Structures are given as structure tokens and as C-alpha cells.
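Asker:
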Amino acid sequence: MQKFEIFTGIVCPLDRSNVDTDAIIPKQFLKSIKRSGFGPNLFDEWRYLDQGEPGMDNSKRSVNSDFVLNDIRYKGAQILLTRKNFGCGSSREHAPWALEDYGFRVILAPSYADIFFNNCFKNGLLPVVLEEKTIDDLFRLAGDDQALEMTVDLHKQALVIGDERIMFEVDPFRKHCLLNGLDDIGLTLQKVDAIKAYEKRRKSEAPWLFHGG
Amino acid sequence: MSAKTLYDKLWESHLVQIDDDGTALIYIDRHLVHEVTSPQAFEGLRLAEREPWRVDANLATPDHNVPTTERAGGVEAIEDPISRTQVETLDANCREFGIPEFEMLDTRQGIVHVVGPEQGATLPGMTVVCGDSHTSTHGAMGALAFGIGTSEVEHVLATQCLIQKKSKAMQVRVEGKAGPGVTAKDIVLAIIGEIGTAGGTGYAIEFAGSVIEDLSIEGRLTLCNMAIEAGARAGFVAVDDKTIDYVRGRPYAPNSDQWERAVANWRTLHSDEGAEFHRVVTLDAAAIKPQVTWGTSPEMVVGIDDSVPNPADEPDSVKAEGMGRALDYMGLKAGTPMSDISLDKIFIGSCTNSRIEDLRAAAQIANGRRVAANIKLALVVPGSGLVKAQAEQEGLDRIFTKAGFEWREPGCSMCLAMNADRLSPGERCASTSNRNFEGRQGQGGRTHLVSPAMAAAAAVSGHFIDVATLIKK
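And the structure:
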């Protein structure tokens, strides 16, 4: 995983609550056995007017010009601003893969679904929780003719717009992993002795948990 | 020692290590694997030259992509080449890493969340995970079960553990007596309607109360299945005699030497008297009518006697806008009585409602009736090969086919339409599945979530109807 470094990017406002992972990346694209290449089909059913299928040339499809991702102001946006319970529904990690592949690195919302929230951190994507009022204010700013630019400083836990700073909370362990690009599996495998000790104890307490059937 | 919740007990018995900030390493007893969320995880293992930690803790079966029509041609005969590749990739990965798998032509194949309990592969007191959000289903056995992403699938394969933080504990109590035609599905839809689709976010939900105790294990599987639709990764029910009777004799259940010891352990799997929850919600079952969703989120649900709600009555402007958008998508007008909504397709199946009791409940309504003329397709998709065999032994397949339903092979099917079973744009479906999201059952498709009996009642009536009026006295 890449290290999460300070950056400045454009904020794209997606003004909907309860955006589910089926909407983020529809099921027909889940048939891929790869981790990459989902970006062109991010929000496929909202972004295009025709029905998307894997392997289509997306540059030739008819685009829904009313959808915010197709608004020229937000071209190259790296920050997605949205409403509550973002990422609800299916556990598909293809959702953060698609967001990341499209170019998003940060999401701003009042709340997220648990599994999606967790999946983001495994893929270098930072989901920031902000108060509803702050989100409302950001929607007003992001809707201006001039796209809103923001600097994201994870180290200082700050979002910077001009002279203004919005501070945010983040779990210290997850912050550490993002900043250092750390792989969870590598970290856990440093605890092999603790896992083996647990297994030994558990096998004597509850041996039936250790047969395959 | 202070009183503990069931969640405390399940959590504590699986703690390998915990840091000062609450970041914990927990041990995973059972890992279920299917073809959609696992290929990238196996690829990750290969790239890092890692081996699975404990192959016998895993059980795999293909379910999302498998055809529900004739299968004699095997995997090679799956028409969609991308679906075929995914199923072939699962078979190849399981063979390479030594993971036990029920392949597509095995009679034990089925939807992972039906297969696990059916095999006794998910037991009380276990931690159960799968790269699928409906893993909460297995909580019905008194297990801590939750869905994970593909990175975590790889993490479990490699380490048999997950890095987690403890959730808050919620208790949802359903008291009283459920009315006629009211099933576990109606109860859980009513709960979601009450607390909202994000009401359980950050919580693990224990379902309790007299109505939950009265539910069969299969009813509890339906209930816990949809905990995730209320935002909770995990939902569970305390162990009682029904749980233990259900597990007895199943292929993966403890053998006779260990049975008594296991049962003694399982008897402790309930919340202690006086245990405290962060939140308690109580519902009166008598107020719950058979439920039908009207919108594009499971929380957009009403009783069969109600009408489509009006966004103008909703004070929260963001919510009202969402309701308006949902009505547009669903092609519905506020104020329309639910029983006036007519349908194009019927789907009885999915990890929510494809077990034998679900099929019996639907067959009871279908028996001696005919699918209405306006219904283009009524599908019954059993949850596993064993459920299918059992249903055929009871003659349910003949009841369905005689009534005009199609009787299919087991899989996820039209719950998420990754295989060939799907809605066309604008088609309206009464579905026993778990999600009514936009496009879930096919782009532009319109999904109404209901119980199996309500789906069968809609099939024979052509529109929604209170199933209680069709139940033979």
C-alpha cells in the first residue's frame, strides 16, 4: 500500500445519503478477478445513460451530463463530499477499489457503513467523519462556479481551505498504517507466537472447534 | 464478576491480543469462501508467497455466479465467460491451497449462508466471517458472525485472525405475539423500519424477547441475515434448546466424545441477568403487519394495509429528497395503497429466505392456486442442493410448478443478478431477498422486499395482498 501523503485536490459534491456499494460499483463488474481497473465504472448506473457491461469501451458510451462526476468543474477530483451512511450494503471491496482507481483519496461524510469504512483504510483511502453542519457548509462551498480546493493533511488531522482549518478525528492505529503504507498481514504475522498460544489454549478448552468435519 | 452480554462473551473468548487503544487481534474459527470476493485474496497470498494458516477452518462454495437452470454441462457450460472464469478460479484456488470446497455439481453446494448452518460448519460460540455482508446470518446459531472485505479475506487466510475494535452492544427486543402471516422477515423489516438502515452502525445487535424465542432457527437465520440492512455488521440470538437440537447430528457438528462438553459450553452463550447494553430498542409484535418495502432502501417499508408514504410529510429535507428520488425510481405515487401495486416478476430465494421452511410457507399459499396472468416469471430458487432435495421429497417442487412457478437449481440468483436471472428496466418484482437498492436485481429493476408467503400471495394475486387473507383456516 502507498503511503498517504499531504495533497491538495478538488472536492466533488455527491448530494445523496445512503449511497450503497451496489451504486458505487454495480454487480456486473464484480466478476473481475483483478483488483484494479474499476474506476471507469465507478457509479456506472448514474454516470452513463446506457447499461454498462464489463469489457465495454467506456469512452464511446453516452454520458449522463446531470451526474456530478461528469461536471467539468470536478474533473480530476480527489475528494468526494457526500451524505450520511455512505457505502452501505454489500461488503464488496470493489467499492473502495473503484473510488481509488478513479482517483479519489479522501471521502468526507457525516457517517459511513462499518464494512465500507474499514475496507477504505486497507486501500489507502481516507474516510473522514465530519459533523452534519460542517458537511452542509462544505456542500455550499463545493457547489460554487469555482470548484473548491482543499488540502488534506493526515499527519495534522486537518483539512485546509485557504486560511481555514477543519480538524478531524482518526483512529491512531489506522492513521499510523496509512501514513506508513503498512500492510496489516505483515503486522499480524509479527504476532505468530500470540496466535499459536491462543490456539493451544483454545484447543484444550474447545477441541470441537478444530476439526474440519 | 460483572454481568456480561452475549457479545462480551463471544468477543472475549476470541481475543488473541488487545492494545491499549482497544485495537484487538481476534481469532476466527470459521471462514466461508465464495467466488466473487476471494480471487484477489488468493492472488495476494501467492504474490506474498504465503500459505493459509489453517485450511480446515475454511469452507468454500460457488454461489453468486452459478446458473440456476440446467447444470449437467458443469462449469464449462456456464454461458457468461466472465462468470465461468470466476467459478473456475475458485475451484482452482481451493485445489491449489487445499481449501475444502463444495463445487457446483456437489449436492451440498448452495448459498454460503445456507450451507454453513446446514452442515453444522457454523456452530454456537464461533467467530464466523466471509467476504459477504450477509455473514451476519450465522449469528442465529449464537455465533459472532460478520462480513469482511477482500483484504480481510486474505488476512484471515494468512493469519486466522482479524484486526478489530469492539462494537457497542444493542439489544432489540420483540415482545408479545406475532399476528397471522407475520414471519421473521416481517419482524426484521419492521425493526429496520424502526431504527433505520444506519440505526445499527457501530453496534452488534442481540435479538431477544418472546417473539425471537418463539422463532425457529431458520426464522432466526432470516432475522440475523438482515442485521446488516440495519447497519449492524453482526446480529445474533442467544443459544437455547432449539439451537442445540438444530446442530445435533450435522456433518461438521462435534462428535459424540465432545458433544456433551460442547453443549455445556454453548449453554453459557446468553446475556447474563442485568447485563448492560449501550442501546435497547423494544418492539411490540402485535403492531407488526406483513411488511412490504416501497422504496430503494430496506428502511423504506410499510405494512400491507398502508399506502406509499408522501415525501411532503417528512420534516427532514435531505430525507424527503431521498424519498422523492426513490418514488421516481420505483414509478410509484404517494398515497397509493400497497395492495394496489401490481407486479411483473416474483423471486423466492436468497440467503434471507431460501431454506426449507421458507419454501414450505410459499408452497402452502401456492398450493391449488395459479400464478396470475400478469406475472411474467415466478422463480423459486432453493438455497442449497440439500434444501432442493428435501423440498422435492416433500413434493413442494410439484406444487410450485403446477401453480406456474419455475423450480430452479440453488444459488444467489436474482437477489443480485450476477447470473442470468435478472429484471429488465422498469420491471417490478416481489422478492424475498434483502436489498431493494436501485439496480440491485438488474438495471432499472424495481424491487419490493417481502416474506416468502407474501411473495407467493403476490404471485397468485398479481398484486400485493395480505397473506393472512389467503391462509387456509
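Sequence lines, in order, name chains V and P. When the first sequence is numbered by numbering that gives the first Met the number 0, its final residue is 212 and no position is left out of the sequence of numbers. When the second sequence is numbered by numbering that gives the first Met the number 0, its final residue is 472 and no position is left out of the sequence of numbers. By construction, the Cβ of each residue, glycine as well, lies at the ideal position given by its N, Cα and C atoms. Note that the coordinates shown come from a computational prediction; the quantities given were computed from them, not determined experimentally.
Among Ser423/P, Ala372/P, Gly367/P and Ala429/P, which residue has its Cα nearest to the Cα of Val379/P?
Answerer: As a first step, residue 379/P is located in the second sequence; it is residue number 380 there, counting from the start. Closest by alpha carbon: Ala429/P.
Asker: Using 10 angstroms around the beta-carbon of Ala91/P, count the other beta-carbons present and answer buried if the total reaches 16, otherwise exposed.
Answerer: For the purposes of this step, residue 91/P is identified with residue 92 of the second sequence, where counting begins at 1. So Ala91/P counts as exposed.
Asker: What are the boundary residues of the beta strand (DSSP E) that includes Met103/P?
Answerer: Here the question's residue 103/P lines up with position 104 in the second sequence. Careful: Met103/P lies outside any beta strand (DSSP E) and carries neither H nor E.
Asker: Report the CB separation of Val280/P from Thr292/P in whole angstroms; it is logged as a contact under 8 Å.
Answerer: By 1-based counting over the second sequence, the position of residue 280/P is 281. By 1-based counting over the second sequence, the position of residue 292/P is 293. Their Cβ separation, rounded to whole angstroms, is 20 Å, which puts Val280/P and Thr292/P out of contact at 8 Å.
Asker: Taking CB distances under 8 Å as the criterion, tell me whether Asp259/P reaches chain V.
Answerer: On the second sequence, position 260 is the one that residue 259/P refers to. Note on identity: in this sequence residue 259/P is Glu, with Asp being the wrong assignment. No, Glu259/P lies away from the interface with chain V (no Cβ there is under 8 Å from its Cβ).
Asker: State the DSSP-derived secondary structure class of Ile406/P, mapped to helix, strand or coil.
Answerer: In the second sequence, counting from the first residue as 1, residue 406/P sits at position 407. Correcting the residue type first, residue 406/P is Trp in the shown sequence and not Ile. In this structure, Trp406/P counts as strand in the three-state DSSP scheme.
Asker: Taking DSSP as the reference, what is the three-state secondary structure of Glu426/P?
Answerer: What you label residue 426/P is simply residue 427 of the second sequence in a count that begins at 1. Residue state, collapsed to three classes: coil.
Asker: Indicate the three-state DSSP secondary structure (helix, strand or coil) for Glu174/P in the structure shown.
Answerer: Against the second sequence, residue 174/P aligns to sequence position 175. Strand at Glu174/P.
Asker: Whole angstroms is fine: what's the gap from Cys87/V's alpha carbon to Asp256/P's?
Answerer: For the purposes of this step, residue 87/V is identified with residue 88 of the first sequence, where counting begins at 1. For the purposes of this step, residue 256/P is identified with residue 257 of the second sequence, where counting begins at 1. Cα to Cα, Cys87/V sits roughly 44 Å from Asp256/P.
Asker: Tell me the rounded alpha-carbon separation between Ile470/P and Ser412/P.
Answerer: The residue labelled residue 470/P in the question sits at position 471 within the second sequence. The residue labelled residue 412/P in the question sits at position 413 within the second sequence. Using only the alpha carbons, I get a separation of about 28 Å.
Asker: Does the CB of Glu130/V have a neighbour CB from chain B at under 8 Å?
Answerer: Of the protein chains in this structure, namely V and P, none is chain B.
Asker: If we require 4 or more residues per run, which alpha helix (DSSP H) segments fall completely within the region 208-235 of chain P?
Answerer: Runs found: 209-213 and 216-224.
Asker: Using CA atoms only, rank isn't needed, just tell me which of Lys190/V, Asp135/V, Glu4/V and Lys2/V is closest to Val317/P.
Answerer: Translated into the one-based positions of the second sequence, residue 317/P becomes position 318. Comparing Cα-Cα distances from Val317/P to each of Lys190/V, Asp135/V, Glu4/V and Lys2/V, the minimum goes to Asp135/V.
Asker: Return helix, strand or coil for Thr431/P, following the three-state DSSP convention.
Answerer: To locate residue 431/P, count along the second sequence from 1; it is residue 432. DSSP places Thr431/P in coil when its eight states are reduced to three.
Asker: Over the uninterrupted alpha helix (DSSP H) stretch that includes Gly115/V, give me the two end residues.
Answerer: Taking the first residue of the first sequence as 1, we reach residue 115/V at position 116. Reading off the sequence shown, one finds Phe at residue 115/V, where the question assumed Gly. From DSSP, the alpha helix (DSSP H) with Phe115/V extends over Asp113 to Phe120.
Asker: Between Tyr197/V and chain P, is there a C-beta pair that is closer than 8 Å?
Answerer: Within the first sequence, residue 197/V is the residue found at index 198, counting from 1. Chain P, which has a Cβ nearer than 8 Å to the Cβ of Tyr197/V, makes this yes.
Asker: Any heavy atom of the ligand SAH closer than 7 Å to the beta-carbon of Lys155/V?
Answerer: For the ligand SAH, the structure offers nothing, since it holds no ligand at all.
Asker: Have a look at Lys30/V and Met417/P and give me their C-alpha separation to the nearest angstrom.
Answerer: Taking the first residue of the first sequence as 1, we reach residue 30/V at position 31. Taking the first residue of the second sequence as 1, we reach residue 417/P at position 418. Approximately 8 Å, taken between the alpha carbons.
Asker: Determine the chain V residues that contact Leu24/P at a beta-carbon separation under 9 Å, and present them in chain order.
Answerer: Working through the second sequence from its first residue, we reach residue 24/P at position 25. Within 9 Å Cβ-Cβ: Thr187, Lys190, Ala193, Ile194 and Tyr197.
Asker: Is the beta carbon of Gly146/P less than 8 Å from the beta carbon of Ile23/V?
Answerer: Against the second sequence, residue 146/P aligns to sequence position 147. Against the first sequence, residue 23/V aligns to sequence position 24. Going by C-beta atoms, Gly146/P is not nearer than 8 Å to Ile23/V.
Asker: So which residues of chain V does His154/P contact, with C-beta pairs closer than 9 Å?
Answerer: Position 155 of the second sequence, counting from 1, holds the residue named residue 154/P. Going along chain V in sequence order, the residues near His154/P (Cβ under 9 Å) are Lys121, Asp183, Ile184 and Thr187.
Asker: Just verifying my parser: in three-state terms, what is the DSSP assignment at Cys87/V?
Answerer: Walking along the first sequence from the start, residue 87/V turns up at place 88. In this structure, Cys87/V counts as strand in the three-state DSSP scheme.
Asker: Apart from the five residues just before and just after Gln85/P, which ones in its own chain have a Cβ nearer than 6 Å to its Cβ?
Answerer: Your numbering for residue 85/P matches position 86 in the second sequence. Around Gln85/P: Glu34 and Asn64.
Asker: When the Cα of Val74/P is compared with those of Asp105/P, Ala47/P and Leu44/P, which residue comes out closest?
Answerer: To locate residue 74/P, count along the second sequence from 1; it is residue 75. Residue Asp105/P is the option with its Cα nearest to Val74/P.
Asker: Measure how close the beta-carbons of Ser150/P and Lys121/V come, nearest whole angstrom, since I'm counting them as under 8 Å.
Answerer: By one-based count along the second sequence, residue 150/P stands at place 151. By one-based count along the first sequence, residue 121/V stands at place 122. That pair is a contact at about 4 Å.
Asker: Below 7 Å on C-beta distance, what does Gly523/P contact in chain V?
Answerer: Outside the displayed span of chain P (0 to 472) sits residue 523/P, for which this structure offers no information.
Asker: May I ask you to list, following chain order, the residues of the region 59-74 of chain P that have a beta carbon less than 9 Å from some beta carbon of chain V?
Answerer: Listed in sequence order: His63 and Asn64.
Asker: Mind listing which residues of the region 79-99 of chain P have their C-beta closer than 9 Å to chain V's C-betas, in chain order?
Answerer: Answer set for the region 79-99 of chain P: Asp79, Ile81, Ser82, Thr84, Gln85, Thr88 and Pro99.
Asker: Please report the straight-line C-alpha distance between Arg260/P and Asn254/P, rounded to a whole angstrom.
Answerer: By 1-based counting over the second sequence, the position of residue 260/P is 261. By 1-based counting over the second sequence, the position of residue 254/P is 255. Each residue's Cα considered, the two are about 10 Å apart.
Asker: If we require 3 or more residues per run, which beta strand (DSSP E) segments fall completely within the region 133-207 of chain V?
Answerer: Runs of the beta strand (DSSP E) inside the region 133-207 of chain V: 148-152, 157-160 and 163-166.
Asker: For Ser209/P, does the count of other Cβ atoms within 10 angstroms reach 16, so buried, or fall short, so exposed?
Answerer: Position 210 of the second sequence, counting from 1, holds the residue named residue 209/P. Answer is exposed; the Cβ neighbour count stays below 16.
Asker: Would you identify the three-state DSSP class for Leu469/P, choosing helix, strand or coil?
Answerer: Here residue 469/P corresponds to residue number 470 of the second sequence, with the count starting at 1. Three-state result, Leu469/P: coil.
Asker: Are any of the Cβ atoms in chain P nearer than 8 Å to that of Cys57/V?
Answerer: Your numbering for residue 57/V matches position 58 in the first sequence. According to the sequence displayed, residue 57/V carries Asn and not Cys. By this cut-off, Asn57/V is not an interface position.
Asker: In terms of DSSP beta bridges, what is Leu14/P paired with?
Answerer: Start at 1 with the first residue of the second sequence, and residue 14/P comes out as number 15. Looking at the DSSP assignment, Leu14/P forms a beta bridge with Ile25/P.
Asker: Thr351/P by DSSP, collapsed to three states: which one?
Answerer: As a working mapping, residue 351/P is identified with position 352 in the second sequence. Correct three-state label for Thr351/P: coil.
Asker: Glu100/P: buried (16+ other C-beta within 10 angstroms of its C-beta) or exposed?
Answerer: In the second sequence, residue 100/P corresponds to position 101, counting from 1. With 16 or more other Cβ atoms within 10 Å, it is buried.
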